[in-house]
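Single-structure report; data block below.
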Amino acid sequence: MNADLVVVGAGVIGLSCAWQAQQQGMQVLVLDGRGPGEGTSRRAAGMLLPDVEGEHDAEERAFGRRSYELYPSFTSGLEAATGIDTGFRRCSCYLVAQSTERAEVLRRMEWGVWLGAPEIRQRMAGFGEMEGARIGDAAQLEPRQLIAALSVGLRGRGAEIETGLAVADVQAGSDGVDALVMADGSLRRGRRYLFATGAWAGEMPYLAERGVSTEPVRGQIVTLEDTGDEPLRDIIFGQGIYLAPKGARRVYLGATEERVGFDERPAADGTLHLLEGLRRLYPGGMRFAVRESWAGLRPYRAGGAMIGRIDENAVAAVGHHRNGILLAPATAERVTALIAEIG
Ligand SMILES: Cc1cc2nc3c(=O)[nH]c(=O)nc-3n(C[C@H](O)[C@H](O)[C@H](O)COP(=O)(O)OP(=O)(O)OC[C@H]3O[C@@H](n4cnc5c(N)ncnc54)[C@H](O)[C@@H]3O)c2cc1C
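If you number the sequence shown the way the numbering used here does, the last residue is 359 and the count never jumps.
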């Protein structure tokens, strides 16, 4: 296969960029040492909250907003092409004030409506004595279904997704990347290259030398089954803890934020932290059934995601930290524009 674009990393970022490139008529090869989404993307909660998650400056917020606006056409195009439901749906998000400082911030927030404790309890019976704000315009999806749709969509239109063999390094010269060196010594070549290697970016010497590195920040989730009479529909967001209901009574309780290197195992103290947080945030949820727990490594990068040209024929898109699912469509838009500049 002589690919127009070789993508290293089949996470939500690599696959979304590959999908967009394919829509523009490119022949795409995607390589992943594991499988589609099996780095971090399958472990995400799938909330699309441009104004809530992470630390935002004006530029980041505008980028998040742009991606949020692209989402309906991004998912409907994918769903029409594959028949796979991505779980995309609009909902509200309740931002609960768990301290007086946070209440002050939420009261001043332009994009939400402030609600007193009785009003919140009226809308959701399981709440304790807490005030907060409601954002009417939020959305979420199911990351595993999004990854499935992207993989099926890409393969269905002739892309190759090669899994189970990592890219060990890169042969590069003054004209840019010449070939990718796989873990078994074999080579892969294409006209242009995209590196979307998430939390593992700095592990590849070629990327590390160009300052394209990320730090893994572990996030743990406990999945619950909503056993209440009126299942939760909206996202509830406290301080460092949230509940994201996914339909079919499944609720994601997340997420820890831990700097423990590349350890992807969910830990007992993470589970305890989340369940204690649940008791404070939404006491009604303590009756929910516990299903499973997992953890993933957010790709953190000081100063935000790096999306840019790194060589004559190569682009990188890494470091989306807490917002990689949200930022996938806008990243794909930006990356395909950079690829077009390469020519
Ligand atoms: C618990 C948790 C909850 C989250 N919730 C949300 C949320 O609600 N909303 C949101 O927007 N974001 C959320 N995120 C963040 C989001 O999951 C990430 O930002 C996103 O998944 C990053 O995508 P990626 O494609 O950059 O990385 P990944 O999904 O990790 O993909 C990178 C891929 O590159 C591959 N790779 C790496 N190195 C090599 C190599 N040398 N050779 C071959 N392949 C390689 C890996 O195997 C991996 O599959 C959450 C994260 C966590 C952990």
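The C-beta atom is built at its ideal place from N, Cα and C for all residues, glycine as well.
Let me make sure I understand the geometry here. Which of 105, 345, 59 has the alpha-carbon closest to that of residue 156? Nearest of 105, 345, 59 to residue 156, Cα basis: 105.
N-terminal and C-terminal residue of the alpha helix (DSSP H) that residue 138 is part of: Taken as a continuous stretch (DSSP letters only), the alpha helix (DSSP H) holding residue 138 covers 133-139.
Contact defined as beta carbons within less than 8 Å: I believe residue 385 pairs with residue 32. What is the distance between those atoms, to the nearest angstrom? Outside the displayed range of the chain (17 to 359) lies residue 385, so it cannot be described from this structure.
Please determine, among 134, 357, 235, 101, the residue with the shortest C-alpha to C-alpha distance to residue 147. Checking every option, the nearest Cα to that of residue 147 belongs to 134.
Suppose contacts are defined by Cβ-Cβ distances below 8 Å. Is residue 67 in contact with residue 43 by that definition? Against a cut-off of 8 Å, the Cβ pair of residue 43 and residue 67 comes out as no contact.
Can you give the Cα-Cα distance for residue 233 and residue 86, rounded to whole angstroms? Cα-Cα distance, rounded: 27 Å.
Apart from the five residues on each side of it in sequence, which residues of its chain come closer than 8 Å, Cβ to Cβ, to residue 168? Short of 8 Å from the beta carbon of residue 168, and not among the five residues preceding or following it, lie these beta carbons of its own chain, in chain order: 98, 100.
Below 8 Å between beta carbons: does that hold for residue 65 and residue 109? Contact: yes.
Is the CB-CB distance between residue 197 and residue 306 below 8 Å? In this structure, residue 197 keeps its C-beta atom at 8 Å or more from the C-beta atom of residue 306.
Residue interval of the beta strand (DSSP E) (run including residue 197): First-last of the beta strand (DSSP E) with residue 197: 192-198.
Smallest Cα separation from residue 326: which of 304, 269, 141, 192? Checking every option, the nearest Cα to that of residue 326 belongs to 192.
What are the complete beta strand (DSSP E) segments, minimum 3 residues, inside the segment 96-165? You should have 105-112, 129-131, 148-156.
Judging by CA-CA distance, which residue of 296, 266, 293 is the nearest neighbour of residue 158? Residue 158 has its Cα closest to that of 266, out of 296, 266, 293.
Would the segment 247-265 and the segment 222-236 be scored as touching if the rule is three or more Cβ pairs under 8 Å? In this structure the segment 247-265 does not touch the segment 222-236; the number of beta carbon pairs closer than 8 Å is below three.
With distances taken Cα to Cα, identify the nearest neighbour of residue 289 among 309, 223, 60, 241. Per the Cα distances, 309.
Starting from residue 286 and walking both ways along the alpha helix (DSSP H), at which residues does that stretch end? For residue 286, the enclosing alpha helix (DSSP H) begins and ends at 284-297.
Run through the DSSP bridge pairs and tell me what residue 313 is partnered with. Under the DSSP definition of a beta bridge, residue 313 partners with 234.
Cβ pair residue 46, residue 23 closer than 8 Å: For residue 46 and residue 23, yes; Cβs fall inside 8 Å.
Once DSSP output is grouped into helix, strand and coil, what is the label at residue 243? The answer is coil: DSSP assigns residue 243 none of H, G, I, E or B.
Across which residues does DSSP place residue 79 in a beta bridge pair? Within the DSSP bridge table, the entry for residue 79 names no partner.
Residue 242 to residue 248, Cα distance in whole Å? Roughly 7 Å separates the two Cα atoms.
Quick check on DSSP: helix, strand or coil for residue 61? Looking at residue 61 - three-state DSSP - the assignment turns out to be coil, as it is neither helix nor strand.
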